[in-house]
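Novice: Residue numbers (this note's numbering): 4 to 89. C-beta atoms are modelled at their ideal positions from N, C-alpha and C, and glycine is treated no differently. What follows is a single structure, and I will ask about it in a moment.
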C-alpha cells in the first residue's frame, strides 16, 4: 500500500516498509495493520492526527508533486509534516 492511500483512512495503524529492494524514484510500498495486534517490533504507529496533517499537505500539493509524494520514505514525510505544522 502506498502512503497516499494510507493517509486517506482514519484511525491509528501500524506501518512498516515492505521487505523488498526499493528502486530510487519509484513509490515506497508499506505493510499496514491495526494497532495493538501482534508483535510491534519494526512497526511505526501512525495516528489519526498525523495522518490528517499529512493529508492536508498532500492535498495542497500540485498534481505533479502528489505523484512524487509516494517516492519519499514515510519517516521523512512524518518529520516534514511535524516541522511544518508548528
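Can you grab the Cα-Cα spacing for the pair residue 11 / residue 77, in whole Å?
Specialist: When rounded, the distance between both Cα atoms is 14 Å.
Novice: Alpha carbon to alpha carbon, what distance is there between residue 41 and residue 52?
Specialist: Straight-line Cα distance between these residues: approximately 23 Å.
Novice: Is the distance from the Cβ of residue 48 to the Cβ of residue 9 below 8 Å?
Specialist: Going by C-beta atoms, residue 48 is not nearer than 8 Å to residue 9.
Novice: Going straight from the alpha carbon of residue 5 to that of residue 55, what length do you get?
Specialist: Roughly 16 Å between the two C-alpha positions.
Novice: Bridge partners for residue 20 per DSSP, in chain order?
Specialist: Paired residue(s): 33.
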